[in-house]
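Undergrad:
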Amino acid sequence: MIRLFGPLSIEEGPRSLGPRDLGGVRPKQVLQILLAARGHRVPTDRLAELLWGDERPHNVAGSLQTFVSVLRRHLTPDRQRARELVVTEPEAYRFATELVALDLDCFDKLLERSGREPTRRARGSLDKALGLVRGDVLEDEPYAAWALDVRGSYQGRVLGARLEAADAALAEHDFVAALAHAEAAIALDRFSERAQRSEMTALYAVGRTHEALSRYRSFRLRLDEELGLEPTGETRALETALIRQEDVHSLLPRPILRAKRDTAGRALHLLGRTTELETLAGFVRQASEGDLALIQIEGEAGLGKTRLLDELVGELEDVRVGRASCSELERHLPYVPLATALRDALADVDLDARRMPALAQLLPELVLDAPGPEFEEVEVLEALVALVAEHGPIVLLIDDLQWADSRTLAALGYLQRRGAGLEAALVTTVHGARGSSDDPLHRLAPDKLLRLEPLTRSDLAPLGIPDLYESTGGNPRFVTEALANGSPTGPSKTLTEALLAQCRAEGAWAYRVLVAASVVEQPFEPEPLADVLGADAAELTEELERLCERRILRIEGFGFRFRYDLVRQVLLGSISPARRRLLRQRLAERVDAPFPAGRALGSQAG
Amino acid sequence: MPDERELMSGTVFERADEPAYVMDPESDRILAANDAGCAMLGYTRAELLETPISRIHPSELPELSELLERVLRHGRASTIVLTCRTKSGTFLPTEISVHALEIGGRTRILGLVHDRSEHRHPRVGD
Chain A
29 MIRLFGPLSI
39 EEGPRSLGPR
49 DLGGVRPKQV
59 LQILLAARGH
69 RVPTDRLAEL
79 LWGDERPHNV
89 AGSLQTFVSV
99 LRRHLTPDRQ
109 RARELVVTEP
119 EAYRFATELV
129 ALDLDCFDKL
139 LERSGREPTR
149 RARGSLDKAL
159 GLVRGDVLED
169 EPYAAWALDV
179 RGSYQGRVLG
189 ARLEAADAAL
199 AEHDFVAALA
209 HAEAAIALDR
219 FSERAQRSEM
229 TALYAVGRTH
239 EALSRYRSFR
249 LRLDEELGLE
259 PTGETRALET
269 ALIRQEDVHS
279 LLPRPILRAK
289 RDTAGRALHL
299 LGRTTELETL
309 AGFVRQASEG
319 DLALIQIEGE
329 AGLGKTRLLD
339 ELVGELEDVR
349 VGRASCSELE
359 RHLPYVPLAT
369 ALRDALADVD
379 LDARRMPALA
389 QLLPELVLDA
399 PGPEFEEVEV
409 LEALVALVAE
419 HGPIVLLIDD
429 LQWADSRTLA
439 ALGYLQRRGA
449 GLEAALVTTV
459 HGARGSSDDP
469 LHRLAPDKLL
479 RLEPLTRSDL
489 APLGIPDLYE
499 STGGNPRFVT
509 EALANGSPTG
519 PSKTLTEALL
529 AQCRAEGAWA
539 YRVLVAASVV
549 EQPFEPEPLA
559 DVLGADAAEL
569 TEELERLCER
579 RILRIEGFGF
589 RFRYDLVRQV
599 LLGSISPARR
609 RLLRQRLAER
619 VDAPFPAGRA
629 LGSQAG
Chain B
26 MPDERELMSG
36 TVFERADEPA
46 YVMDPESDRI
56 LAANDAGCAM
66 LGYTRAELLE
76 TPISRIHPSE
86 LPELSELLER
96 VLRHGRASTI
106 VLTCRTKSGT
116 FLPTEISVHA
126 LEIGGRTRIL
136 GLVHDRSEHR
146 HPRVGD
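Heads up: the protein sequence lines correspond to chains A and B, in order. Once you know that position 424 of the first sequence is 452 in our numbering, the rest is easy, because the numbers rise by one and skip nothing. Once you know that position 49 of the second sequence is 74 in our numbering, the rest is easy, because the numbers rise by one and skip nothing.
1. Can you find a heavy atom of the ligand NAD that lies under 6 Å from the Cβ of A/K156?
2. Does the CB of A/P624 have a neighbour CB from chain B at under 7 Å?
3. Counting C-beta neighbours from all protein chains within 10 Å, is the total for A/W537 16 or more, i.e. buried, or is it exposed?
4. Going residue by residue through the stretch 229-287 of chain A, where are the continuous alpha helix (DSSP H) segments of at least 4 residues, counting only ones entirely within it?
5. B/P147 touches chain A at which residues, Cβ-Cβ below 8 Å?
6. Between A/L296 and chain B, is there a C-beta pair that is closer than 7 Å?
7. Could you confirm whether any beta carbon from chain B is found closer than 7 Å to the beta carbon of A/A292?
8. Which parts of the stretch 574-605 of chain A are runs of the beta strand (DSSP E), unbroken and 3 residues or longer, counting only runs that do not cross its ends?
9. Give me the subset of the stretch 194-216 of chain A whose CB atoms are less than 9 Å from a CB atom of chain B, sorted by chain position.
10. Are the stretch 59-74 of chain A and the stretch 193-207 of chain A touching, with three or more C-beta to C-beta distances below 8 Å?
11. Would you check if the distance between the CB atom of A/L331 and the CB atom of A/L425 is smaller than 7 Å?
12. Any C-beta of chain A within less than 7 Å: which residues of the stretch 129-147 of chain B qualify?
13. What does B/L117 reach in chain A if we use C-beta pairs closer than 7 Å?
14. According to DSSP, is A/A329 part of a helix, a strand, or is it coil?
15. Under the assumption that A/A189 contacts A/A157 (Cβ atoms under 8 Å), give the Cβ distance between them as a whole number of angstroms.
16. Does any C-beta atom of chain B lie closer than 7 Å to the C-beta of A/V178?
17. For B/P44, would you say it is in contact with chain A, using Cβ-to-Cβ distances shorter than 7 Å as the test?
18. Can you give the beta carbon distance from A/L443 to A/A411, rounded, assuming they're within the 8 Å contact cut?
19. Leaving out the 5 sequence neighbours to the left and right, which residues in its chain are closer than 6 Å to A/E393 when beta-carbon positions are compared?
20. Which same chain residues end up closer than 8 Å to B/V96 when comparing Cβ atoms and leaving out the 5 residues on each side of it in sequence?
21. Does the beta carbon of B/I105 come closer than 7 Å to any beta carbon on chain A?
22. Kindly indicate which residue of A/R282, A/R243, A/L409, A/V161 has the alpha-carbon position closest to the one of A/D202.
23. Which whole-angstrom value describes the C-beta separation of A/R162 and A/F33, a residue pair presumed to lie in contact below a C-beta threshold of 8 Å?
24. Counting only Cβ-Cβ distances shorter than 8 Å, please list the residues of the stretch 580-593 of chain A near chain B, keeping chain order.
25. Look at the alpha carbon of A/R301 and the alpha carbon of A/A212, and state the distance between them as a whole number of angstroms.
26. Any C-beta of chain B within less than 7 Å: which residues of the stretch 136-162 of chain A qualify?
27. Taking the continuous beta strand (DSSP E) assigned at A/R122, which residues delimit it?
28. Report the three-state DSSP secondary structure of A/T484 (helix, strand or coil).
29. In its own chain, which residues sit with a C-beta less than 6 Å from the C-beta of A/L600, not counting the 5 before and 5 after it?
30. With 7 Å as the threshold, decide whether the Cβ of A/R86 is near any Cβ in chain B.
31. What would DSSP say about B/M65, mapped onto helix, strand or coil?
32. I need the straight-line Cα distance from A/G318 to A/G449, nearest angstrom please.
33. So what's B/C109 in DSSP terms, helix, strand or just coil?
34. Of the residues that make up the stretch 73-89 of chain B, which ones have a beta carbon closer than 7 Å to any beta carbon in chain A?
35. Consult DSSP for A/T291 and reduce its assignment to one of helix, strand or coil.
36. Under the rule that 16 or more other beta-carbon atoms within 10 Å means buried, what is B/G62, buried or exposed?
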């Protein structure tokens, strides 16, 4: 853990560094400035301005390089690790905060989380956040201008946390704790009406009415003498209630019993999926109360797998929830999605690497000092099992598992096998059908499998938009897009490009097939298309079947059709009128020729 | 959501009790603020419109950028972590809710800000 609250401190295993252990004032200041930038690059010009103002040394770049070099040497004896932490970029430096635990990040995460939690859990998160506050931020730099803003900002954040903690304690009738938080808030801001009311209410609740009224009078005098103001109506009303000896319960905030859902980014109410959500939440609750389960949600792109996870989070109470997405670009990096989900779930836990040293191979931020011994993979996995056992109930949500690295997949499989008695659920989403037998993902056998299908016509009926089902095929992504555009038929440029890219990704031959298929009336049979494309009908049929497996087409009767009419429209709109006309002409000639079950051209084609 | 004219002429925006601001994320400027918004930050309207957003969130640019990214992606976003620095230098703990708007073909951000501390400071003349 690197701490910026109070004097700078770096604690890792047995090693502990303070402000005087970094090779001098300047290297320490460089570290603090980089840490305050929270992982963002700090240009060398800006760094020089903050360190020296207008009195810069002759060789700024050389001086900075020296400070950085000294800093790296003192930070850790492992030179490679030091360079990974203090990163040199073109004309800038950056501290890789993603590789360490920074107290400010933990504080923010806990504060943000508390705003969505029910009162009881919020109190826990706020207490943990406030437990990180050992003093003002960058306390050992009291006069540095560059430290003032970040210090002030955290004074405001700590004040906010104190006020929320006081309210939460009042709601739970813990009046002593409420009073302590309110007094701490007043010490931070003498003109906060809310802090004043919390203090008065807590004093009244513990029977110290005289003191509560006395504090009110002092506050009123302070406001009058220093600002020329009266207390607000709400504070005056509280004074009146105290004088009238009103029932204290009528003055307390009410506890929040259910987690608040984060509705940002959810312009649309979740359509359909009620059964799926109930089933999923049921699986997760059952697993997190007893034996770990691996639950997999499968479905093609746009069917709402991620959205279902969003909704699931809102359903979960009294469990730690961690979330991550796998990325194709990070597939070569071991454990990244699993580590990200664990960090999210355990943001409020100060992990002790000494007790479980093998964990450092999964969570590299636990090693800041020289690297320890290499551990066997099984030792890492056993440490993971112990971690989940210690901090359960825990739910890890991992999106796009098809892009997960093999270590993450192996770890999920191991957790599943060792899951008896573990209060945990692993919920993953997978795009498309399960892969081939040599795909590591295929070897993962979920305990529960939830396959998402397109929304039904009745799911979309409440929207009351004619032809919405026909144009979108019930694909939630297309529905959302159609509603955002105010039209059920016209996809946005972004969606059009994404769909064309998806079709092109199937290969040049498949793309030609799809473009040609978009011109014919749906459903279509392969023979006329094969003739137009100059292809062997059997080979073309194989390709059409493959495109069905890829969920772009689907089988209908003896023919095929586009799974979503929107995809067909996009393909049709992407070709020139001349090419469209040519394809239509060839198909018309082919249809006129004697051929069994030949189909007429689509009336909408073109 | 009110239209542009309603928003700017004051029927909704000006009369709101909660501080409200219309911002241009590209130019780092506040384009409009209601009376409650000016009072909360301790600026006159003219001063506030001259003040860059980055001066109100001086050490929070990474978090502010992340919030703006979210609002541009999802249409709205909120946070209880950010603070606002008043003219007098006090940092207020806030709850900020931001919404993306299209005004005159340009993207603007409507910010509704609640001072969670209910901090009092002297009235400022406009």
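For glycine and all other residues, C-beta sits at the position ideal for the given N, C-alpha and C. Quick caveat, the model's predicted, so the values are computed rather than measured.
TA: With the structure as the only source:
1. Among the components of this structure there are no ligands whatsoever, and the ligand NAD is therefore not found.
2. Note on A/P624: pLDDT 41, under 50, position unreliable in the model; no value is reported.
3. exposed
4. 237-250, 261-271
5. L255, G256, L257
6. Annotation note: pLDDT 47 at A/L296 (below 50); position unreliable, coordinate value reported separately. So, not an interface residue.
7. Because the pLDDT at A/A292 is just 46, under 50, the model does not fix this residue reliably, and the value given afterwards should be weighed accordingly. Taking Cβ atoms only, chain B reaches closer than 7 Å to A/A292, which makes this a yes.
8. 581-584, 587-590
9. A213, L216
10. no
11. no
12. R141, S142, E143, H144, R145, H146, P147
13. G184
14. coil
15. 5 Å
16. yes
17. no
18. Not confirmed; about 12 Å, so no contact.
19. L127, V128, A129
20. A102, V123, H124, A125, I134
21. yes
22. A/R282
23. 5 Å
24. none
25. 46 Å
26. D136, L139, E140, G143
27. 120-123
28. coil
29. S546
30. The residue asked about is misnamed: residue 86 of chain A is His in this sequence, not Arg. Chain B, which has no Cβ nearer than 7 Å to the Cβ of A/H86, makes this no.
31. helix
32. 6 Å
33. strand
34. P83, S84, E85, P87
35. With a pLDDT of 48 at A/T291, under the threshold of 50, the predicted position of this residue should be treated as unreliable, and no value is reported.
36. buried
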